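Using this note's numbering, you'd call the opening residue of the sequence shown number 1 and step up by one each time.
Since the structure comes first, as structure tokens, the remarks are kept for the end.
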Amino acid sequence: IEAPADGTYIIVVRDSSFGGNNDRYRLHVGSFPRPIAVVPAGGAPGEVVDMTFVSVSGDAWIEKVQLPSQPQESFPLVVSNERGVSPSPNYIRVQPMPNVIEREPNNSFKESTPGQLPGAFCGIIAEQGDNDFFSFEAKKGQTANIKLFARKVLRSELDGVVNVYNAKGGRVGGNDDSGGPDSYLEYKIPEDGIYHVGVSDHLRGGGPGYAYR
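This is how it looks when you write it as structure tokens:
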């Protein structure tokens, strides 16, 4: 919240159904940076990566981040700038594969952001009904393993769905919530060519906190 006027403000914390049984909470209040999303949500070990941090209002800023030298499935990233230090971390993945960051417009297979395998496709489902598409080249007989990281590692708001399309835009596979809150799909490539992977929200939601990798 941006205070509209000088004065005293009151914060109320309660259970959504007005219940409670000695339930503990911790409330951070201040003018410190508090990003709810990071893009790209990771990188290769030892890299210095320009990362875009996004606030709940949708405002964004870029910080250079030195990643640790060893791979990590879930690395706690704390951002620090002239406004202070974020009171809790954003979690990212540190793995030896190149980042592919979405380039808008990429709302259909005809506008896919080009990438390659192996790779980490990163972005945000920024508004309701948004779809993000990436393309990659694959060979006949190759198996593409597509694993979405959103809620489980990044603590994203995204309830992600992934779909795979052929070069003509025909859907050839997809998944929603296989093995947990994030989607996983194995697709055996039937013929050489360009393929597309689409990411969307299960309920067609979107916003600044709907990051994925």
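Note that the Cβ used here is the ideal one computed from N, Cα and C, for glycine as well.
Bear in mind the structure is a predicted one, so any value in this text is a computation, not a measurement.
Listed in chain order, the non-local C-beta contacts of S200 below 6 Å within the same chain comprise N131 and V161, local neighbours out to five positions each way being set aside. Counted as a single uninterrupted DSSP element, the alpha helix (DSSP H) harbouring K152 occupies residues R151 to L154. Residue pairing for S80: DSSP places it in a beta bridge opposite V85. Ranked by Cα distance from Q128, the options E47, E137 and L158 are led by L158. For D50, the number of other beta carbons within 10 angstroms of its own is below 16, and it is reported as exposed. Of L154, H28, R213 and V85, the smallest CA-CA separation from V12 is found for H28. Residue environment for F53: buried (at least 16 other C-beta atoms within 10 angstroms of its C-beta). In the DSSP annotation of this structure, V29 is not part of any beta strand (DSSP E), being labelled neither H nor E. For the options N107, W61, E73 and R24, the alpha carbon positioned closest to that of I36 is the one of W61. Restricted to the stretch 122 to 167, the alpha helix (DSSP H) segments that are unbroken, complete and at least 4 residues in length are 151 to 154, listed in chain order. The alpha-carbon of I92 is positioned some 23 Å away from that of F136. Using a 10 angstroms sphere on the CB of T8, the tally of other CB atoms stays under 16, which defines it as exposed.
When the beta-carbon positions are compared, E102 and V153 stay at least 8 Å from each other. An exposed status is given to G169, since fewer than 16 other beta-carbon atoms sit within 10 Å of its beta-carbon. According to the DSSP assignment, H196 belongs to the beta strand (DSSP E) that extends over G193 to D201. Boundaries of the beta strand (DSSP E) harbouring Y187: Y184 to K188, taken from the DSSP string.
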